[in-house]
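Trainee: Once you know that position 12 of the sequence shown is 12 in this note's numbering, the rest is easy, because the numbers rise by one and skip nothing.
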Amino acid sequence: MSLQHKAYALIGSPVGVSLLDGTGASGILCSIQGGSIYVIEYLYHTQFATKHYAFSQIRDILPFPHCPQPQALYQTKPLY
1 MSLQHKAYAL
11 IGSPVGVSLL
21 DGTGASGILC
31 SIQGGSIYVI
41 EYLYHTQFAT
51 KHYAFSQIRD
61 ILPFPHCPQP
71 QALYQTKPLY
């Protein structure tokens, strides 16, 4: 699957973006236009920013994995 097709399938999802320069970004993939993806990223406090990355800069786009489910806790009777 091409990177563009993969990106279209992930619109609206939390993603990690691996860039060719070795850095990365994460956020919600908002849209695709003009050969770029637009990702809303958290900055700090109550601030978010929409940043764009050209497909020519991107190595891969990965969906966030699901959170692991906590192990069930088993209650036992006290020994006393």
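Glycine included, each C-beta is placed from N, C-alpha and C at the ideal position. Note that the structure is predicted; figures quoted are calculated from it, not measured.
(1) Are the beta-carbon atoms belonging to Ala9 and Lys51 less than 8 Å from one another?
(2) Please list, in chain order, all residues of the same chain as Gln4 whose beta carbon is under 8 Å from its beta carbon, the five residues on each side excluded.
(3) Comparing C-alpha positions only, which one of Pro14, Ala7, Phe48 and Asp21 sits nearest to Cys67?
(4) With a threshold of 16 other CB atoms inside 10 Å of the CB of Leu20, please say whether the residue is buried or exposed.
(5) Just the Cα atoms here: how many angstroms apart are Gly27 and Gly16?
Mentor: According to the structure data:
(1) no
(2) Ile32 and Phe55
(3) Pro14
(4) exposed
(5) 7 Å
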